[in-house]
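**Student:** I have a structure here, written as structure tokens, and I will follow up with some questions on it.
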Amino acid sequence: MTSTNGGSIYSQLPQPENIDFTEAIKDSPRFRASIAQHVVYFSRLENRLNEALSDAFGHTLTLSKAYHEQSSIIIYNKLNNFIKRLDYL
2 MTSTNGGSIY SQLPQPENID FTEAIKDSPR FRASIAQHVV YFSRLENRLN
52 EALSDAFGHT LTLSKAYHEQ SSIIIYNKLN NFIKRLDYL
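Below you can see the structure in the form of structure tokens.
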């Protein structure tokens, strides 16, 4: 899945450092800072995913409308031709 600028959703997002298990057990300030970095990272990632999904939904909706319009025109033309043939019989 790519974003609107053509790059990966994950590109340009600096990944936070891994969480150290011993720091987590100690519940140290370093661990708290690491958690804060992860929260920011995942918030940004969520925003980018929502943007990509919104763009994909909009594109799908546009394609669906175009398909519906074209199929309506084709059905109208075929029914019109069918009725004209019935008039000749």
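For the sequence shown, the tail end lands on 90 under the working numbering, and the numbers increase by one without skipping.
Just so you know, even glycine gets a beta-carbon here, dropped at the ideal spot from N, CA and C.
Rounded to a whole number of angstroms, what is the C-alpha to C-alpha distance between Thr-23 and Val-40?
**Tutor:** On the sequence shown, residue 23 is found 22 positions in, with the first residue counted as 1. On the sequence shown, residue 40 is found 39 positions in, with the first residue counted as 1. Whole-angstrom Cα-Cα distance: 20 Å.
**Student:** How is Asp-21 classed by DSSP in three states: helix, strand or coil?
**Tutor:** As a position in the sequence shown, residue 21 is number 20, starting the count at 1. Coil.
**Student:** DSSP three-state label for Ser-72, please.
**Tutor:** By 1-based counting over the sequence shown, the position of residue 72 is 71. In this structure, Ser-72 counts as helix in the three-state DSSP scheme.
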